[in-house]
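This report refers to the structure that appears directly beneath it.
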Amino acid sequence: MMRKKSVLFALILAMAFGGGCKDKQKTLDTEFIRIRGAVFVPAQPIAGQDLRLKIDYQSPGKVQPKFSYRWYINGEMIQEGESDLLEGAKIISGGKIYAEYRASVGQFQTSWLKTEEMSVREPSVKITKLILEPESPTAEQTLTTVLECENCSGIKFYYRWKVNNAILDGQEEADLDGSAVGLKPGDEVMVEVSPETEYPEIWYNSPSVKVRNRAPEFSDQGKIWLDGKMLYFKASAFDPDGGSITYQLLEAPQGAQIDASGMVKWTVPSGFQGEVNFKVQAKDTNGGTNEITGAIQLSEQ
Numbered sequence: 059m060m061r062k063k064s065v066l067f068a069l070i071l072a073m074a075f076g077g078g079c080k081d082k083q084k085t086l087d088t089e090f091i092r093i094r095g096a097v098f099v100p101a102q103p104i105a106g107q108d109l110r111l112k113i114d115y116q117s118p119g120k121v122q123p124k125f126s127y128r129w130y131i132n133g134e135m136i137q138e139g140e141s142d143l144l145e146g147a148k149i150i151s152g153g154k155i156y157a158e159y160r161a162s163v164g165q166f167q168t169s170w171l172k173t174e175e176m177s178v179r180e181p182s183v184k185i186t187k188l189i190l191e192p193e194s195p196t197a198e199q200t201l202t203t204v205l206e207c208e209n210c211s212g213i214k215f216y217y218r219w220k221v222n223n224a225i226l227d228g229q230e231e232a233d234l235d236g237s238a239v240g241l242k243p244g245d246e247v248m249v250e251v252s253p254e255t256e257y258p259e260i261w262y263n264s265p266s267v268k269v270r271n272r273a274p275e276f277s278d279q280g281k282i283w284l285d286g287k288m289l290y291f292k293a294s295a296f297d298p299d300g301g302s303i304t305y306q307l308l309e310a311p312q313g314a315q316i317d318a319s320g321m322v323k324w325t326v327p328s329g330f331q332g333e334v335n336f337k338v339q340a341k342d343t344n345g346g347t348n349e350i351t352g353a354i355q356l357s358e359q
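Sequential numbering from 59 applies to the sequence shown in the numbering used here.
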């Protein structure tokens, strides 16, 4: 039996779902789930900002209940399901919000519980623009937060950066040095800001930007020379993002070969004369490419 001094809501599921159930296999393997209550996060709903319902409960043993939610604005249900989040787009200024929730384990479920009704307030700070520049950064560039807002004079903003949806520790300024944090081509970067009036509960996020891959660069114009009957063309490329380079011969006389270092060799046939053209492609590990050409006029040896 549960004592009178137990928590506010002691939901004795075995009783709530038919104490006379003869099939013991259909009863829960714990006697009850205790629900202490639920709170909104943030504590007071803000127009245009996401609202979450956090339920404080205790579930002995291995039982993990599922929760269902009903969201109401001005007495009208606007959302029902298993999401504990009400999107900010549905939260209007001047409205009154409350939620109903219940727990379920298998075929058993509690009765609906109701939160306190809360008034929606206007946001103290209205952010009108939040983007990152440049829009298509390279790994070595510095990303800058562009923030415009209303009702924010004298308000301090807190910053946190995310790369591929993971928070970067120690990065709490409006700018992010890509080379210092080791950004790589393909990384998705975004910034989140929180005005001190709403910190740390409310964070506004920018659209993400993708770190672009820089194409390989050639260290010179290519070198071509003849040594006896052997004609050489050397292509030397590097990846400015630090990746490795592979070479491919796109154009050359039949029989020419290229090695991993970008060296092209061709044995000149006896009596050959005329122009010889080479084209080499350099490719980095992220698929970026660049090409270089070389040509030489040979007279009969």
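Glycine included, every Cβ here is placed at the ideal spot set by N, Cα and C.
Just so you know, these numbers come straight off a predicted model, no measurement behind them.
Item to check | Among Asn-348, Met-288, Phe-296 and Glu-309, nearest to Lys-323 - alpha-carbon criterion | outcome: Met-288
- [ ] Compare the C-alpha of Ile-363 against each of Gly-332, Arg-272 and Gln-331 and name the closest.
- [x] With the chain covering 59 to 359 only, the question about residue 363 has no answer from this structure.
Under 6 Å Cβ to Cβ from Ser-194, same chain only, skipping five residues before and after it: list those, please.
-> Arg-270
Under a three-way DSSP split, which group does Val-239 fall into? helix
Residues in its own chain within less than 6 Å of Lys-84 by CB, not counting five upstream and five downstream?
Residue placement at Lys-84 cannot be trusted, given a pLDDT of 34 that sits under 50; what the coordinates show is reported in the next sentence. Cβ neighbours of Lys-84 beyond the five flanking positions: none.
Next on the checklist: Let me check understanding here. Comparing Cα to Cα, which of Ala-224, Ile-260 and Gln-137 lies closest to Val-183?
Outcome noted: Ile-260
Next on the checklist: Quick check on Gly-240: buried or exposed, where buried means 16 or more other Cβ atoms within 10 Å of its Cβ?
Outcome noted: exposed
Can you name the start and end residues of the beta strand (DSSP E) that Lys-120 belongs to? It is not in any beta strand (DSSP E) - Lys-120 carries neither H nor E in the DSSP assignment.
message = In the DSSP output, which residue or residues are listed as bridge partners for Cys-207?
response = Ile-185
Endpoints, the beta strand (DSSP E) within which Val-399 is located = In the structure as shown, the chain begins at 59 and stops at 359. Residue 399 is therefore absent and cannot be evaluated.
Next on the checklist: Check for me: the beta strand (DSSP E) holding Ser-252 runs from which residue to which?
Outcome noted: 246-253
*In the DSSP assignment, find the beta strand (DSSP E) that holds Glu-193 and state where it starts and stops.*
That residue, Glu-193, is in no beta strand (DSSP E); it is neither H nor E in DSSP.
Residue interval of the beta strand (DSSP E) (run including Leu-226): Looking at the DSSP string, Leu-226 is not in any beta strand (DSSP E), and its letter there is neither H nor E.
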